[in-house]
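Take a look at the structure below.
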Amino acid sequence: MNQDNKHNKMLYELFGALCNQTITSEQHQQLEDMLSTDADARQKYFNYLDLHLNLERMHDEQPISDFEFQIQTPLVPSPHTQAPPGHPGKTTSALWLLISAACLVLVTGFLVFDQSPPAAPQLSQDPPQTDIKTPSVAAVTQTAAVRFAEGSPSLKVGSPIVNRQEYAISAGQLQLIFTNGAEVILTGPAVFESQGPEHLAVRYGACSVYAPDGAEGFTVETPLSNVVDYGTRFSVNVSEAGNTDVQVVEGETDVRPVNLKPENEVKSQRLTRGMAQRLTTNNGIVIDEIPFDHKQYVSQLPDRIVSYTTTLGPEQHAEDLKCITVQRGGKSCQYEVEDLIGIELIHYTGKSFLTRNDGVDPGSDGNPQTLRRHLLEQDRCLLTGVVNPGGSTSPLTAPPVMNEQDDPAHPNTPGMAIRFREPVVNDLGPDIVLFDLQVIVHSTTGDAFYASPLPFTEKSKTHLIQKFDIDLASPEAKPLEKFWLHIFNQKSGIRSRAELETAKGNGGNWHVVGAKALATGIDLSDLGFAEGETVEGLFIQDAQEDSDVIDPVFIGGLPPLKQTRK
747 MNQDNKHNKM LYELFGALCN QTITSEQHQQ LEDMLSTDAD ARQKYFNYLD LHLNLERMHD
807 EQPISDFEFQ IQTPLVPSPH TQAPPGHPGK TTSALWLLIS AACLVLVTGF LVFDQSPPAA
867 PQLSQDPPQT DIKTPSVAAV TQTAAVRFAE GSPSLKVGSP IVNRQEYAIS AGQLQLIFTN
927 GAEVILTGPA VFESQGPEHL AVRYGACSVY APDGAEGFTV ETPLSNVVDY GTRFSVNVSE
987 AGNTDVQVVE GETDVRPVNL KPENEVKSQR LTRGMAQRLT TNNGIVIDEI PFDHKQYVSQ
1047 LPDRIVSYTT TLGPEQHAED LKCITVQRGG KSCQYEVEDL IGIELIHYTG KSFLTRNDGV
1107 DPGSDGNPQT LRRHLLEQDR CLLTGVVNPG GSTSPLTAPP VMNEQDDPAH PNTPGMAIRF
1167 REPVVNDLGP DIVLFDLQVI VHSTTGDAFY ASPLPFTEKS KTHLIQKFDI DLASPEAKPL
1227 EKFWLHIFNQ KSGIRSRAEL ETAKGNGGNW HVVGAKALAT GIDLSDLGFA EGETVEGLFI
1287 QDAQEDSDVI DPVFIGGLPP LKQTRK
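Shown next, in the form of structure tokens:
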């Protein structure tokens, strides 16, 4: 295999890993580096995305009759059931097998025949195609808490941006890369549309543009102007009325006002580093110099939990955590679950716990070595845990009472506490990851909770977490296997860790409604820690904002970055 084919093989392996959401942080960085420096790699990338998109459309548009779905009893055929003669069973698996084969053939063709001469054109009697798919001109490389407006196409990492298709995000951020190498971060709410490989129309909202060498001439169109890049970093902010702010962080841009009235033509102006302008309408275009604000430019998406991978259960849904990808200090880091710092559950007041779909209660299985608290502290399963802890409508202001057994004279503080098996260091970005099981009909953003450092001192700072990095609306949130919910009979719930292990439950019930695993990062800086300081544990309380209560199913500390830097 020559060098070109080796290079192409590596590219298509990275493309496939990205689209299948199995890409590692190292592979993601490798792909970004290749796309930013190699125009031919970018073109192959967009060709691959077009193929991927068309195969998805092929699946989505397949008529139901082609699958020959039939309602019949029993729903699960017995071993003696046979298909009627001449009617072999058709399933979505068969279709995807066909699609996979098509992918294999096409990708193989890319690798083997990339330099082959084109075949002679063939005459066809078929009518001309009128519904020609517009090729993509950009692709999504990252997302952060993004929400799409009603009626807008949804996008995820790897999704192509189709030319002249309007997109609208109501919240969050999207990072795009164009075929010429230009990188754009859009912050919601925003409405935008690509009008070519070097042209982005922003109808409303904020965007930040980095145009490296080779992307000169990239244009951001707004209702009042065309902002043309000459190798620079700049931001554009468009109001609902179309008023436009342009801020140049470095390099140069031309701001070319739209000619609303021929008699009031306004000439274009060259902006350089540290310059800013606002374009408004008042019987024509009016341009005013405004103070430069470097905060308007977004250089990267926020540090956060980016994604996670799991094992799959019998229904092909998530079960045990395998690894997580975290952005820390702007860099992507990947951690196997074995790399995370484990915890011990040292305090609990609450009402229930979760077990796997077999319903086995560790507190009544006859094995003295298994404890209910192990459902949170000693397994990596995302559908087991000690959940529904107590809470408070206000943050902790004094050290919590955490007796092994509740003392009515000095009642235990509602909530739960964990101790890390080794201190967690405050480093860049998130330092702790918490997974929450969220039933799909509950709050999209997740259940709000307070996190306080332990030991709690006068200088301690409680942090309210109201949104998860990966919530119910995130494409990265994985549906979970079925589980059992065990509820304690006492109206007051459990008042101590000792009672958790000994109290009688209701025996458990299979939870019919589905759930997903949400994830959020906790930055110790938000709890008042300086860089390099350590924390021994956390006290967690539900914020009591509604009737739903947080359900922690996995908590782990992240190793210091110096252990993960290459």
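Counting from 747, one number per residue, gives the positions in the sequence shown under the numbering used here. Built from N, CA and C at the ideal position, the CB exists for glycine as well. Quantities reported herein were computed from a predicted structural model and do not represent experimental measurements.
In the three-state scheme derived from DSSP, where H, G and I count as helix and E and B as strand, F1234 is classed as strand. DSSP, read as helix, strand or coil, puts V1187 in coil. D1288 and F938 have their C-alpha atoms roughly 38 Å apart.
Between Q1023 and I1036 the beta-carbon gap is near 7 Å, inside 8 Å, which marks them as a contact. With contacts defined by Cβ atoms closer than 7 Å, Q921 and T887 form a contacting pair.
CA-to-CA, the gap between E1084 and L1273 works out to about 26 Å.
Cβ neighbours of T1101 within its own chain (closer than 6 Å, five residues either side excluded): T1130 and W1230. In the three-state scheme derived from DSSP, where H, G and I count as helix and E and B as strand, G1302 is classed as strand.
A direct Cα-to-Cα measurement between A1197 and A785 gives close to 47 Å. For D1049, the secondary structure class from DSSP, reduced to helix, strand or coil, is coil. Under the DSSP assignment, E1247 falls outside any beta strand (DSSP E), being part of the alpha helix (DSSP H) whose first and last residues are R1243 to T1248. Where E1123 is concerned, the enclosing alpha helix (DSSP H) starts and stops at H1120 to E1123.
I1164 sits close to L1284, with the two beta carbons spaced by under 7 Å. Burial of R1243 is indicated by the presence of at least 16 other C-beta atoms within 10 angstroms of its C-beta. Under the Cβ criterion (8 Å, minimum of three pairs), the region 1142-1157 does not count as touching the region 1259-1266. Taking the C-beta atoms as reference points, P906 is found nearer than 7 Å to A885. Collapsing the DSSP output to three states places E1204 in coil. Here DSSP, grouped into helix, strand and coil, assigns S1271 to helix. Counting the other Cβ atoms within 10 Å of the Cβ of N754 gives 16 or more, which makes it buried. Between the beta-carbon of E1227 and that of A1064 there is about 7 Å, and that keeps the pair under the 8 Å contact cut.
The secondary-structure analysis by DSSP pairs S882 across a beta bridge with V908.
Secondary structure at G1030: coil, using DSSP grouped into helix, strand and coil. Burial state of N1134 is buried, judged by a 10 Å Cβ sphere holding 16 or more other Cβ atoms. Here L1174 carries a coil assignment [DSSP, helix/strand/coil].
Judged by beta-carbon spacing, V1299 lies beyond the 7 Å limit of L1142, meaning their Cβ atoms are not closer than that value.
If one requires a minimum length of 3 residues, the beta strand (DSSP E) runs lying completely within the region 899-962 are 906-908, 912-924, 929-940 and 945-956, in chain order.
Rounded to the nearest angstrom, the gap between the Cα atoms of H945 and Y976 is 14 Å. Fewer than three pairs of CB atoms, one per stretch, sit closer than 8 Å, so the region 1244-1255 makes no contact with the region 1037-1050.
Beyond the five residues adjoining it in sequence on each side, K902 comes within less than 7 Å, by CB distance, of V886, T889 and P1221 in the same chain, given in chain order. Note that the region 1108-1115 does not touch the region 1176-1186; fewer than 3 beta-carbon pairs, one per stretch, sit closer than 8 Å. Per DSSP, the continuous beta strand (DSSP E) segment holding C1079 begins and ends at K1077 to E1082.
Y1043 carries a coil assignment under DSSP once its states are collapsed to helix, strand and coil.
The Cβ atoms of L777 and L795 do not sit closer than 7 Å to each other. In terms of Cα proximity to V1052, the closest of P1145, D1034 and D1215 is D1215.
Under the DSSP assignment, S1220 falls outside any beta strand (DSSP E); it carries neither an H nor an E label. With fewer than 16 other beta carbons inside 10 angstroms of its own, L1058 counts as exposed.
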